[in-house]
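Colleague: Following this message is one structure expressed as structure tokens.
Chains as they are written, first to last, in the numbering used here: chain A, 2 to 584; chain B, 13 to 167.
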């Protein structure tokens, strides 16, 4: 009986063996067929994917470790059109949470562009709002009947980093901003964009989770520490804003710098913008140079320039502090008559008197006595007409006409000496004057104190931009300027501290080539304490209406700023310092 | 025992078909069990590797989330202690800005004016994973392939 059915078993075994062999043969045939290589290549394309790892953008701190620019998480909220159940409910939830238009949202979802499966409803949503929406979605899901989907099904959230400025508009001109594409504009964000952004790394990652790969370490962008003193910056901005109101000025700038190192401690300008709302840039500014006029807007500085003229005259040996000068109220230079600011003759003066009374005629006499070659040689060494190299984006070079230029005339030798016909930026004046406050050595102004990357900190050393004058000249001139302020009982004086400085009142040139007789630029440059300068302050008020004179507008602003500076920088009054030094 | 006896014994043995059949079955089962063991081992290793890969992905994601949270908290803290907020808080507590004539200075021997902070953290060793040996990344087939290749190269 068993033998009777044995053939069936054998036949079945043979058949199965045949199928097994056929399958094996087919496997071998496919593996060795001409198409196999193409299939393998096609498979390899899907076996890995090129993934780019972006580093977090470096942060920006002030000199005391206060965060000025950081990163925060924001959300993109969208809807998956294929899994969406109730567009009306989604539109209602999103519009109520994010303040968007309900009808517009509903229309977008019900009439999406053809072929679209995912629709972005809102981007750059704050985390608390996104969380509230997500909670609402969860609640609707919980309330839905068992086995059914919630009304907000299809709503999707994805996070991404965005630049954040905790101080809002504070130091906006120094920081600049980062747009939505991650590129820095203006200030530090633009100047050091590559350092801050870091280097993205691209890695081929297998899609098969079975294959473990080494996770690339992506170093974050370089973190920057600035020389800026946050509280001093805030004080400078407050003082500037108050000054604009008090003196009816159109705009203004206050810069505070350490004259020994070139570290910029504060740089306040108007207008400023909330960097967290950078899209309002076009509303706040008419053109790019307005973003930081301390470095981007050259202007005729007026009498503050006399400091440089006197420095050149003293250093070249043309005069000394006691050289007498008889002021007749007018001097002829290049066929044109130059007069004093009050069109009066001030009679016998010495060089201190020339500075104290800000005599144009005296300055023109000094520049013509030096000669064009010497005068412009010094102005060139002071860095006028050239970029200072300050590490902020958008610096302007200003203009110093020199003999040989098409638009230079002999009268310019006279007018340039008191700040007419020459255009400088406030930062250029700071750099030039730093040589007087710093024993003849001129410093390069800068805002970067240190860079940090991968746990290492690199401090940026002070850079010197030459020595345009001698140490003795610098000290003599500082003393002359301090005396002139004291004798004048200037509003720039700081109780308890001896300061040196000079006012400036400059007429504004019109496009027609004449000077506006009604508006002026009021300036003051000064430093202190005179025996050991630790701060240098530049004030520029644009077209003040309360008074056109720098001595009545910019000088008191300097005094107020200096008083705030000595408090915040812990600089004791002169008599305390002298007591300490005497011990 | 003569030669005939031995031949008879062999014939007797050969003539027991159930013995031959059992031998075949045992050999077949042995092969099946061996293959099953290799397959099970391979499946286990593959599953473990897949789980490890998925865990790595999860940990990487968690690291990114933690970093994001850190950055968020740092920014929020900076907002809460910003210059304008601190000034408002001070004023609400009844403080006002100092003036120069209200300050008393004391001479402290050895006092050094505060310098900018050193913010850099202590350098940490690299966080990238050490190089993973091939035993943890190769499949069995890849190992066979490599073994055959190296065998071919030595010959």
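Yeah, the Cβ is synthetic: ideal placement off N, Cα and C, and Gly gets one too. Every value quoted in this text rests on a predicted model; they were computed, and no experiment measured them.
Taking 8 Å as the threshold (C-beta atoms), are residue 377 of chain A and residue 469 of chain A in contact?
Modeller: Not closer than 8 Å, so no.
Colleague: Find the nearest neighbour of residue 161 of chain A within the set A:56, A:576, A:429, judged by alpha-carbon distance.
Modeller: Measuring from the Cα of residue 161 of chain A, the nearest candidate turns out to be A:56.
Colleague: Short check: CB of residue 528 of chain A to CB of residue 501 of chain A, under 8 Å?
Modeller: Going by C-beta atoms, residue 528 of chain A is nearer than 8 Å to residue 501 of chain A.
Colleague: For residue 33 of chain B, would you say it is in contact with chain A, using Cβ-to-Cβ distances shorter than 8 Å as the test?
Modeller: Cβ-Cβ to chain A under 8 Å: no for residue 33 of chain B.
Colleague: Which of the three DSSP states, helix, strand or coil, is assigned to residue 125 of chain A?
Modeller: Three-state DSSP puts residue 125 of chain A in a strand.
Colleague: Can you check whether the CB of residue 443 of chain A is closer than 8 Å to the CB of residue 436 of chain A?
Modeller: In contact: residue 436 of chain A and residue 443 of chain A (Cβ atoms closer than 8 Å).
Colleague: Quick check: residue 292 of chain A and residue 286 of chain A, are their CB atoms within less than 8 Å of each other?
Modeller: Contact: yes.
Colleague: Look up residue 503 of chain A in the DSSP assignment and give the residues it is bridged to.
Modeller: Partner(s): A:526.
Colleague: Identify whether residue 229 of chain A lies in helix, strand or coil by the three-state DSSP scheme.
Modeller: Three-state DSSP puts residue 229 of chain A in coil, outside helix and strand.
Colleague: Against chain B, with Cβ distances strictly below 8 Å, would residue 585 of chain A count as a contact?
Modeller: Only positions 2 to 584 of chain A appear in the structure, and residue 585 of chain A is not among them; the question remains open.
Colleague: Just the Cα atoms here: how many angstroms apart are residue 454 of chain A and residue 217 of chain A?
Modeller: Cα-Cα distance, rounded: 17 Å.
Colleague: Once DSSP output is grouped into helix, strand and coil, what is the label at residue 8 of chain A?
Modeller: Correct three-state label for residue 8 of chain A: helix.
Colleague: I want to verify the contact list: residues of chain B whose CB lies under 8 Å from the CB of residue 567 of chain A, in sequence order.
Modeller: Going along chain B in sequence order, the residues near residue 567 of chain A (Cβ under 8 Å) are 112.
Colleague: So, does the region 79 to 96 of chain A touch the region 117 to 125 of chain A, judging by three or more C-beta pairs under 8 Å?
Modeller: Output reads yes: the region 117 to 125 of chain A touches the region 79 to 96 of chain A.
Colleague: Roughly how many angstroms lie between the CA atoms of residue 456 of chain A and residue 446 of chain A, to the nearest whole one?
Modeller: Cα-Cα distance, rounded: 27 Å.
Colleague: How long is the line joining the alpha carbons of residue 255 of chain A and residue 78 of chain A, rounded to whole angstroms?
Modeller: The straight-line gap from Cα to Cα measures roughly 43 Å.
Colleague: Under a Cβ-count criterion, where at least 16 other Cβ atoms within 10 Å of its own Cβ denotes burial, should residue 366 of chain A be classed as buried or exposed?
Modeller: Looking at its Cβ environment, which holds 16 or more other Cβ atoms inside 10 Å, residue 366 of chain A is buried.
Colleague: Just grab the DSSP bridge partners of residue 164 of chain A for me.
Modeller: DSSP lists A:72 as partners of residue 164 of chain A.
Colleague: Do we get a CB-CB distance below 8 Å when we pair residue 208 of chain A with the residues of chain B?
Modeller: No, because no Cβ of chain B sits closer than 8 Å to the Cβ of residue 208 of chain A.
Colleague: Let me know the secondary structure DSSP gives residue 299 of chain A once reduced to three states.
Modeller: Correct three-state label for residue 299 of chain A: coil.
Colleague: Taking the continuous alpha helix (DSSP H) assigned at residue 328 of chain A, which residues delimit it?
Modeller: Taken as a continuous stretch (DSSP letters only), residue 328 of chain A belongs to no alpha helix (DSSP H), being part of the beta strand (DSSP E) at 326 to 328.
Colleague: Would you kindly report the start and end of the unbroken beta strand (DSSP E) that includes residue 460 of chain A?
Modeller: Start and end: 457 to 460.
Colleague: Does the region 389 to 405 of chain A come within contact of the region 417 to 427 of chain A, defined as at least 3 CB pairs closer than 8 Å?
Modeller: Flag = yes, the region 389 to 405 of chain A and the region 417 to 427 of chain A touch.
Colleague: Below 7 Å on C-beta distance, what does residue 91 of chain B contact in chain A?
Modeller: Those within 7 Å of residue 91 of chain B in chain A are 167.
Colleague: Hey, would you say residue 190 of chain A sits closer than 8 Å to residue 171 of chain A, going by beta carbons?
Modeller: Cβ atoms of residue 190 of chain A and residue 171 of chain A: not closer than 8 Å.
Colleague: Please name the residue, chosen from B:159, B:163, B:116, that lies closest to residue 577 of chain A on a Cα-to-Cα basis.
Modeller: It is B:116.
Colleague: List, in chain order, every chain B residue whose beta-carbon is nearer than 8 Å to that of residue 338 of chain A.
Modeller: Chain B residues near residue 338 of chain A: none, gap ~45 Å exceeds 8 Å.
Colleague: Rounded to the nearest angstrom, how far is the Cβ of residue 165 of chain A from that of residue 93 of chain B, given a contact under 8 Å?
Modeller: Residue 165 of chain A to residue 93 of chain B, Cβ: 14 Å. No contact.
Colleague: DSSP on residue 426 of chain A, reduced to helix/strand/coil?
Modeller: Coil.
Colleague: Verify whether the separation of the beta carbon atoms of residue 118 of chain A and residue 82 of chain A is less than 8 Å.
Modeller: The answer is yes: Cβ separation under 8 Å.
Colleague: Looking at the secondary structure, which residues open and close the alpha helix (DSSP H) in which residue 60 of chain A lies?
Modeller: No alpha helix (DSSP H) holds residue 60 of chain A; DSSP gives it neither H nor E.
Colleague: Residue 568 of chain A and residue 110 of chain B: beta carbons closer than 8 Å?
Modeller: Against a cut-off of 8 Å, the Cβ pair of residue 110 of chain B and residue 568 of chain A comes out as a contact.
Colleague: Should residue 91 of chain A and residue 153 of chain A be called a contact, given that it needs their Cβ atoms to be closer than 8 Å?
Modeller: Yes, they are a contact pair.
Colleague: Using beta-carbon positions only, say whether residue 351 of chain A and residue 324 of chain A come within less than 8 Å of one another.
Modeller: Their beta carbons are under 8 Å apart, which means residue 351 of chain A touches residue 324 of chain A by this criterion.
Colleague: Let's see if you can read the secondary structure: which residues bound the alpha helix (DSSP H) around residue 47 of chain B?
Modeller: 29 to 92 is the span of the alpha helix (DSSP H), which, as asked, contains residue 47 of chain B.
Colleague: Out of A:327, A:174, A:198, which one is the CA nearest neighbour of residue 282 of chain A?
Modeller: The shortest C-alpha separation from residue 282 of chain A is found at A:174.
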